[in-house]
Each structure stands twice: as C-alpha cells, then as structure tokens.
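Visitor: Below you'll find the structure I mean.
Residue numbers (the numbering used here): 169 to 310.
Structure follows, in structure tokens:
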C-alpha cells in the first residue's frame, strides 16, 4: 500500500510564513489553538499532489526530501488553507509550485536527491528488431 509523504511540517510552515499566519489559517473554532486536523489534511493533500507529479520521474518514497519540495509543499498548503480568495502573492506561489512540479514530471527540472537518478521518461521509445535488410550497401546497383 502506498503512503503519502508529508513534504512539510507545521514547523516548516511557521518558519516560512510565521506562526501567527498559520494559526489564523488553521484556527477554525477560534479558540486560539491551531486545529491540527485542518493542517494535517492540507499537508496530506499537498503530498498526494506532489507524489502524483514526481512519481513519473522518481521512485517513491524519496530517501530524503529536497528543499525544493519542502518549499513547494509549504506554498501548496498555504494556498489550500486560504480556502477562498487567497491573496495574489499566495496564488502566484501556488502557480509557481505547480509549474515546478510539471517541469519535474516532464524532465525539465531535476530534484536534488543524493543517490537518486530520475527514472526514464514515460514517453521514451525503445525499439528492438532484426538488423536492417535494406541498406545503401545491399541496394547498390538497383
């Protein structure tokens, strides 16, 4: 059974965006405490999306999580927590995150994961067959 990787933690989000912002976005019952269930769902959703893209090029789970994916995950979680009408800078970060994931899936961007080589592209064509019957040498004189 495949499990989803958590590419970021609450500590990562707090460090990037500030604990106050994360609290405001996750305190759904207004008790002054972050609702961890809300945050856990957003982190898992981001992980599922990231896995979907990078699985095209890398064997999962990754041995280590590259910093680029921590940033992507944080941006995706922040966007998801805004629910409706996120600020322009948050929407732009989400768009950049998705562009990066598409680039990884297409082989235009490479993740910095020690000891891991990207797997072949899905659209690689490998052909095997007999040697050529007709060549310029065998067709001489025709």
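Ideal Cβ positions, reconstructed from N, Cα and C, are used throughout, including at glycine.
The structure presented is a predicted model; accordingly, all values stated were derived computationally and were not measured.
(1) Reducing DSSP to helix, strand and coil, say where residue 289 ends up.
(2) Could you check what DSSP says for residue 169 in three-state terms: helix, strand or coil?
(3) Taking residue 313 and residue 229 to be in contact with their CB atoms under 8 Å, please state how far apart those CB atoms are, rounded to whole angstroms.
(4) Starting from residue 239 and walking both ways along the alpha helix (DSSP H), at which residues does that stretch end?
(5) For residue 241 versus residue 200, is the C-beta spacing smaller than 8 Å?
(6) Classify residue 217: buried if its beta carbon has 16 or more other beta carbons within 10 angstroms, exposed otherwise.
(7) Does the region 255-273 touch the region 195-213, meaning 3 or more C-beta pairs lie closer than 8 Å?
(8) From residue 278 to residue 248, what does the alpha carbon distance come to, in whole angstroms?
(9) Using the Cβ count rule (16 or more neighbours within 10 Å means buried), how would you classify residue 171?
Guide: So, to answer that:
(1) Summary for residue 289: the model assigns pLDDT 49, below 50, so the residue's position carries little reliability, and this model does not support an answer.
(2) Note that residue 169 scores a pLDDT of 42, beneath 50, so its modelled location is shaky; the value from the coordinates is reported in the next line. Here residue 169 sits in coil by DSSP.
(3) One cannot answer for residue 313 here, as it falls past the ends of the chain, which runs 169 to 310.
(4) Boundaries of the alpha helix (DSSP H) around residue 239: 235-249.
(5) No Cβ-Cβ contact shorter than 8 Å links residue 241 with residue 200.
(6) Counting Cβ neighbours within 10 Å, residue 217 comes out buried, since at least 16 surround it.
(7) Touching, no.
(8) Whole-angstrom Cα-Cα distance: 25 Å.
(9) By the neighbour-count rule (16 or more Cβ atoms within 10 Å), residue 171 is not buried but exposed.
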